[in-house]
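**Student:** Input: one structure, supplied below.
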Amino acid sequence: MKEDRTMESGQVFAGRFEITGGPRSGGMGSVYRALDPTTGRTVAVKFLARTFWEGPAGHGGVRPSANDFKRFERERAMHEKLGGQGVPRLVDYDFACGRPYLVTEFIEGKDLRDFLVTHRPTLTATVAVVVQVLRILTRVHAAGVIHRDVKPHNIVLADDGTAHLVDFGIALPTDPEATRHTEGRTPGSIGYKAPEIILGERNPGPAADVYGVGCTLFRLVTGEHVFVMSGPDHMIERAHCETPAPRLDTFVDGLSTGLVDLAARMLDKNPAARPSAAAAESALQPFLPRSGDPAPHPVLVPDPTAPFRAKTTTTTGTVDTRAHQTAATGRRRPMVRRPSSNGPTRADLRSLIAQTEAELTEHGPGVHAQRLVRCLPDARNHWGGRDLDVLRALLICADTARLSGDWPGAGARYRAVARETASATAGTAEYLLTLEARVGAAECTVPEEDDAHDALLSWERVVLEVCALLPKVPDRLVRRCREVGQELAEWGHTTVVETLLKKLTDA
2 MKEDRTMESG QVFAGRFEIT GGPRSGGMGS VYRALDPTTG RTVAVKFLAR TFWEGPAGHG
62 GVRPSANDFK RFERERAMHE KLGGQGVPRL VDYDFACGRP YLVTEFIEGK DLRDFLVTHR
122 PTLTATVAVV VQVLRILTRV HAAGVIHRDV KPHNIVLADD GTAHLVDFGI ALPTDPEATR
182 HTEGRTPGSI GYKAPEIILG ERNPGPAADV YGVGCTLFRL VTGEHVFVMS GPDHMIERAH
242 CETPAPRLDT FVDGLSTGLV DLAARMLDKN PAARPSAAAA ESALQPFLPR SGDPAPHPVL
302 VPDPTAPFRA KTTTTTGTVD TRAHQTAATG RRRPMVRRPS SNGPTRADLR SLIAQTEAEL
362 TEHGPGVHAQ RLVRCLPDAR NHWGGRDLDV LRALLICADT ARLSGDWPGA GARYRAVARE
422 TASATAGTAE YLLTLEARVG AAECTVPEED DAHDALLSWE RVVLEVCALL PKVPDRLVRR
482 CREVGQELAE WGHTTVVETL LKKLTDA
């Protein structure tokens, strides 16, 4: 497989982000460092890797499955839902050169794996890291998400000592009814996967993440992995499933019995026997550094004890910053979106939408479509992802991708519109948008999965809903239903399609 070399330092993509470093591997994608000139901030840009796909114009790679794209889209949703308080915030997402990308805030610092190459943290520093990760996981789990890949490489220590959990590429909703997009071998990383994941559990609970934290705690305290073997990976995984984990005090003398017992419970084979992230954090409180304590010796860079040792001076005296951190986890200020002076106006956006619609109808994607694609991220930032004009623009960008032959890009955009309008009331403008988006998503399912069966079922449901709304349906939506129906008929579903198209005509 080819290495991804498509982005070079200084290159600008999406008319906005300037690549300044990378790539490095990041789950299903390649991650670059970039500058966002609109804010002056450094951001992390993750592309679905060309290692798997050469894009519409390439011929040498292996096309990713539909699940790869859906997992990538789910990662985007995780950052949008969880961003902040230890999880990088979502800045932007879209498609460039036929490739999906995510842009998140960049955490200036060092990941814990690299940190351990040059540092052997003290016990208080170790607890400071682990407590921060457990606090993040408590919030993530409360939001109905399991990370499934907690390990030192996915824990970043910022320059100020705060810990951040990154790479939600294989994160999973706790809802057992949610679609699973993982294929092949069990998800996660050797040496940190919980036994239940190794054994194929499709719906692991929060305890799986606690196990990963337990393995990380073990590594921080002892400098060793829980199980170290010279044999193949499956022998290590077998040990995680069958062999009791060694206790910390077999490696390090003088440790508190409470700490040793907690680590043992976090590494229990039985998920039900492990403490919750919140309970583990509470048990570690006595081992945390206190406000005003001296810095670790030797010096740690970054220093994870700094957030706990810091003092904040106010008019009422000295305040322990931990109190503010605890309060912050319970309440967030609402985000207010304000158009910037250099962003598009509402009139500009609506005019560009109309011009692009006319352009697509007359001769296909052209300059107006390109302008709309470039304008969309700013419009989304100004008015939010659920704004009606923004959704209309996203739908037209999906049409642009489809007419350009970028089926994965089009499908992801159609699904994004459908997701944002899923709760719309029948007959409203938002509801008509979701119907049009669902038709487009159904059409994209055929080339993405090389099968028309699921596409037919999705198309059929939309057509029946459209029939119930006629004549209060835009001609454009009826036309799209007919176009997709004709394509499905070519796949051999002639009888069903003709029957439904007749219903559409009669209604």
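Mapped onto my numbering, the consecutive letters of the sequence shown carry residue numbers 2 to 508. For every residue, glycine included, the Cβ atom is placed at its ideal position computed from N, Cα and C.
CB-CB under 8 Å to residue 326, same chain, minus the five flanking residues each way: which ones, in chain order?
**Tutor:** As a first step, residue 326 is located in the sequence shown; it is residue number 325 there, counting from the start. With a pLDDT of 40 at residue 326, under the threshold of 50, the predicted position of this residue should be treated as unreliable, and no value is reported.
**Student:** Please report the straight-line C-alpha distance between residue 196 and residue 266, rounded to a whole angstrom.
**Tutor:** Translated into positions along the sequence shown, residue 196 becomes position 195. Translated into positions along the sequence shown, residue 266 becomes position 265. One alpha carbon belongs to residue 196, the other to residue 266, and they sit about 14 Å apart.
**Student:** Taking the straight line between their C-alpha atoms, what separation do you get for residue 260 and residue 217?
**Tutor:** Here residue 260 refers to the residue found at position 259 when the sequence shown is read from its first residue. Here residue 217 refers to the residue found at position 216 when the sequence shown is read from its first residue. Near 14 Å, if we compare the C-alpha coordinates of residue 217 and residue 260.
**Student:** Buried or exposed: which applies to residue 493, given that a residue is buried once 16 or more other Cβ atoms fall within 10 Å of its Cβ?
**Tutor:** Reading the sequence shown from its first residue, position 492 is the one you call residue 493. Result: exposed.
**Student:** What residue range is occupied by the uninterrupted alpha helix (DSSP H) comprising residue 112?
**Tutor:** Taking the sequence shown and counting its residues from 1, the one referred to as residue 112 is at position 111. Secondary structure note for residue 112: it is in no alpha helix (DSSP H), and the uninterrupted beta strand (DSSP E) holding it is 110-112.
**Student:** On the DSSP letters alone, give me the boundaries of the alpha helix (DSSP H) that residue 506 sits inside.
**Tutor:** On the sequence shown, residue 506 is found 505 positions in, with the first residue counted as 1. Here the alpha helix (DSSP H) through residue 506 covers 495-507.
**Student:** With three or more beta-carbon pairs closer than 8 Å as the criterion, would you say the region 196-215 touches the region 110-124?
**Tutor:** no
**Student:** What ranges does the alpha helix (DSSP H) occupy inside the region 394-436, keeping only unbroken runs of at least 4 residues that lie completely in it?
**Tutor:** Within the region 394-436, the complete alpha helix (DSSP H) runs of at least 4 residues are 408-421.
**Student:** With H, G and I counted as helix, E and B as strand and the rest as coil, what does DSSP make of residue 31?
**Tutor:** What you label residue 31 is simply residue 30 of the sequence shown in a count that begins at 1. Note: residue 31 maps to strand in three-state DSSP.
**Student:** Can you check DSSP and say which residues form a bridge with residue 165?
**Tutor:** Walking along the sequence shown from the start, residue 165 turns up at place 164. Under DSSP, residue 165 shares a beta bridge with 157.
**Student:** What does residue 45 pair with, by DSSP beta-bridge criteria?
**Tutor:** Indexing the sequence shown from 1 puts residue 45 at position 44. Answer is 34 and 105, bridged to residue 45.
**Student:** Note down, in chain order, each residue of its chain lying with its Cβ closer than 6 Å to the Cβ of residue 90, except the 5 sequence neighbours on either side.
**Tutor:** Numbered from 1 along the sequence shown, position 89 holds the residue referred to as residue 90. Hits under 6 Å: 84 and 106.
**Student:** Exposed or buried, which one is residue 220 when buried takes at least 16 other CB atoms within 10 Å?
**Tutor:** Taking the first residue of the sequence shown as position 1, residue 220 is located at position 219. With 16 or more other Cβ atoms within 10 Å, it is buried.
**Student:** If I'm right that residue 375 touches residue 15 with Cβ under 8 Å, what's the distance once you round it to whole angstroms?
**Tutor:** Here residue 375 is taken as the residue at index 374 of the sequence shown, counted from 1. Here residue 15 is taken as the residue at index 14 of the sequence shown, counted from 1. Yes, residue 375 and residue 15 are in contact; Cβ-Cβ is about 7 Å, under 8 Å.
**Student:** Are the beta-carbon atoms of residue 439 and residue 419 separated by less than 8 Å?
**Tutor:** Stepping through the sequence shown from its first residue, residue 439 is reached at position 438. Stepping through the sequence shown from its first residue, residue 419 is reached at position 418. In this structure, residue 419 lies closer than 8 Å to residue 439 by Cβ.
**Student:** Which residues share a DSSP beta bridge with residue 174?
**Tutor:** Along the sequence shown, one-based indexing puts residue 174 at 173. Answer is 146.
**Student:** Please state whether DSSP places residue 127 in a helix, a strand or coil.
**Tutor:** Position 126 of the sequence shown, counting from 1, holds the residue named residue 127. Here residue 127 sits in helix by DSSP.
**Student:** Based on the DSSP output, what are the partners of residue 14 in its beta bridges?
**Tutor:** Locating residue 14 in the sequence shown gives position 13, counting from the first residue. According to DSSP, which records beta bridges pairwise, residue 14 is partnered with 18.
**Student:** Here's a check: name, in chain order, each residue in its chain whose Cβ is nearer than 8 Å to the Cβ of residue 80, leaving out the five neighbours to either side.
**Tutor:** For the purposes of this step, residue 80 is taken as residue 79 along the sequence shown, with counting starting at 1. Correct list, in chain order: 88, 89, 90, 91, 103, 105 and 169.
**Student:** Taking the continuous alpha helix (DSSP H) assigned at residue 511, which residues delimit it?
**Tutor:** For the chain, the structure presents residues 2 to 508; residue 511 sits outside this window and is missing.
**Student:** Which residue from 12, 25 and 23 puts its Cα closest to that of residue 38?
**Tutor:** Working through the sequence shown from its first residue, we reach residue 38 at position 37. It is 12 whose Cα lies nearest to the Cα of residue 38.
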